[in-house]
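Novice:
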Amino acid sequence: MATFQEALLAKKHLVKRWKRMPGVIGIGIGYANGKNKKGGACIVMYTVNASAAVKKSCPSCVLVKRQVATTPTHVYVPVRTVTSGRCHCHPAVRPSATNYRSRIRPVIAGYSIGYPGASGTAGLIVARGGQRFVLSNNHVLNRNNTSGYTETIQPGGADGGRSGRDRIGRLYRFVRLRRNAANRMDAAISIPTSNRLLAPRYATVGRVPGVIRSYGIGRRLKKVGRSSGLAWGTVESIHTDIDVSYGNYGGLGTIRFQNQTVIRSTVPVSLPGDSGSVWLTAGNYAAAVNFAGSSNGRLSISYPVVWALQAFGVGVARAAGRTGKSVAKAKGVRRNNARTRPLSATELNRVQTKKAASNRQPGKKKTNR
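Residue numbers are given in my numbering: position 293 of the sequence shown equals residue 294, and the series is strictly consecutive.
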């Protein structure tokens with residue numbers, strides 16, 4: 002039976018061979034027997050289909066050196082193949098039938114937000130000092146992945162939101178998505194024209210007391226998304242490198258993300274318009290940020306929300322306007338490969354946040370996507 006440390010080592014070996022595995026879009030680690038911990042760890046490979054050619058490119062196991070003193074000195078790490086189809090970022094350009102696409106003041110997490118032409122989900126109300134912000138995805142709050150001015154409207158453009166009338170603020174900072182390098186997160190924050198436009202609450206849930214710094218495989222999470230509403234899912238794999246299609250957005254095409262979380266549900270949880278929604282624990286602590294999903298919406302591609310909080314230097318907002326001091330710390334964060342972890346100082350230094358323009362350039366016409 003393989004340990005998670007050994008599975009992570011095997012995953013690194015497979016990532017180096019990725020180019021020779023056509024049809025594979027993601028490689029992570031999970032439980033060998035699905036939800037059963039007793040079977041030990043495995044590699045989880047996500048594929049575009051179940052064709053013979055794709056199956057042939059996926060190994061059944063990977064031989065690695067034992068990471069504990071034992072005999073034998075090597076172990077076979079099993080490979081579990083999951084047919085996911087291709088994964089896409091999910092901004093909405095059409096209305097949906099849920100209740101979370103309406104206009105709401107003050108704005109709370111879980112509702113439609115975006116810019117003229119597209120809608121996503123307001124993921125979380127965060128703060129630094131006394132200043133509040135909305136946390137969501139870069140492709141939800143940033144028109145084209147650049148530092149130019151982008152107006153933030155609520156509801157988003159796909160839900161009838163209009164420039165000026167529904168403006169609540171503007172893009173403030175974002176993590177630029179990169180075409181030729183591994184990405185960590187699709188993240189941005191918007192600054193409101195007034196703090197009173199944002200309330201530190203989450204739709205149907207109420208108060209979010211804080212954030213968990215780590216979560217493990219098999220963890221049950223819930224979230225509210227602009228399109229899918231309230232739904233539950235289970236962490237299927239972590240440390241997952243995965244390719245996500247951004248289509249024409251920012252000229253990106255398909256780009257790779259590193260060490261992501263894949264959350265599975267029996268119902269759609271990542272539909273167009275759900276981008277930016279934040280997964281919560283049963284105790285309502287923020288856990289992960291959804292930014293993409295499978296074609297049927299039942300797989301959510303997410304990253305730990307603590308990464309975004311680290312990158313932007315913010316915390317979960319409280320009613321008093323200060324960041325939340327109540328933080329649920331998971332045990333064994335640093336050395337447990339069966340759990341996610343915060344970014345190290347070195348990793349955080351590699352995440353470059355960009356500041357957006359505070360005003361539209363004079364004479365520049367507004368364009369809708």
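Ideal Cβ placement from N, Cα and C applies to all residues, glycine included.
Between the alpha carbons of G118 and R102, how many angstroms are there, rounded?
Specialist: The sequence position of residue 118 within the sequence shown is 117, counting from 1. The sequence position of residue 102 within the sequence shown is 101, counting from 1. Looking at the two C-alpha atoms, the distance is approximately 14 angstroms.
Novice: Distance check for V317 and V212, CA to CA, integer angstroms please.
Specialist: Taking the sequence shown and counting its residues from 1, one reaches residue 212 at position 211. Taking the sequence shown and counting its residues from 1, one reaches residue 317 at position 316. Cα-Cα distance, rounded: 7 angstroms.
Novice: Would you call the stretch 196-207 in contact with the stretch 260-271, where contact means no fewer than 3 C-beta pairs closer than 8 angstroms?
Specialist: Flag = no, the stretch 196-207 and the stretch 260-271 do not touch.
Novice: Taking all protein chains shown into account, do 16 or more other C-beta atoms lie within 10 angstroms of the C-beta of Q353, making it buried, or fewer, making it exposed?
Specialist: The count along the sequence shown starts at 1 and reaches residue 353 at position 352. Flag for Q353 reads exposed.
Novice: Taking the alpha-carbon positions, what's the A289 to V127 distance?
Specialist: Start at 1 with the first residue of the sequence shown, and residue 289 comes out as number 288. Start at 1 with the first residue of the sequence shown, and residue 127 comes out as number 126. Distance between the alpha carbons of A289 and V127 is about 14 angstroms.
Novice: What do you get for H75, buried or exposed, if any count of 16 or more other CB atoms within 10 angstroms of its CB means buried?
Specialist: In the sequence shown, counting from the first residue as 1, residue 75 sits at position 74. Exposed: under 16 other Cβ atoms inside 10 Å.
Novice: So, under 8 angstroms CB-CB, E237 and V45 are touching, yes? Tell me the CB distance rounded to an integer number of Å.
Specialist: The residue labelled residue 237 in the question sits at position 236 within the sequence shown. The residue labelled residue 45 in the question sits at position 44 within the sequence shown. Indeed, because the Cβ distance is near 7 angstroms, the residues count as touching under 8 angstroms.
Novice: Between the alpha carbons of P193 and F134, how many angstroms are there, rounded?
Specialist: For the purposes of this step, residue 193 is taken as the residue at position 192 of the sequence shown. For the purposes of this step, residue 134 is taken as the residue at position 133 of the sequence shown. For P193 and F134, the distance between alpha carbons rounds to 7 angstroms.
Novice: In the DSSP assignment, find the unbroken beta strand (DSSP E) run with N291 in it and report its ends.
Specialist: What you label residue 291 is simply residue 290 of the sequence shown in a count that begins at 1. Unbroken beta strand (DSSP E) run through N291: 287-295.
Novice: Among the candidates G219, M186, R257, whose CA atom is the shortest distance from the CA of V307?
Specialist: Along the sequence shown, one-based indexing puts residue 307 at 306. Here the closest residue by C-alpha is M186.
Novice: For S191 and D167, I'd like the C-alpha separation in whole angstroms.
Specialist: Taking the sequence shown and counting its residues from 1, the one referred to as residue 191 is at position 190. Taking the sequence shown and counting its residues from 1, the one referred to as residue 167 is at position 166. Each residue's alpha carbon lies about 14 angstroms from the other.
Novice: Would you mind sorting S137 into buried or exposed? The rule is 16 or more other CB atoms within 10 Å of its CB.
Specialist: Your numbering for residue 137 matches position 136 in the sequence shown. By the 10 Å Cβ count, S137 comes out buried.
Novice: Taking the beta strand (DSSP E) that L178 falls in, what are its first and last residues?
Specialist: Taking the first residue of the sequence shown as 1, we reach residue 178 at position 177. That residue, L178, is in no beta strand (DSSP E); it is neither H nor E in DSSP.
Novice: Using a Cβ-Cβ cutoff of less than 8 angstroms, which residues in the same chain neighbour R129 once the five nearest sequence positions on both sides are dropped?
Specialist: Sequence index remark: in the sequence shown, residue 129 carries index 128 (1-based). Excluding sequence neighbours, R129 sits near F313, G314, V315, G316, T324.
Novice: Could you tell me which residues DSSP puts in a beta bridge with W280?
Specialist: Taking the first residue of the sequence shown as 1, we reach residue 280 at position 279. DSSP, once it has assigned bridges, lists A289 as partnering W280.
Novice: Which same chain residues end up closer than 6 angstroms to Q6 when comparing Cβ atoms and leaving out the 5 residues on each side of it in sequence?
Specialist: For this step, residue 6 is matched to residue 5 along the sequence shown. So the list reads Q68, N338, once near-sequence residues are dropped.
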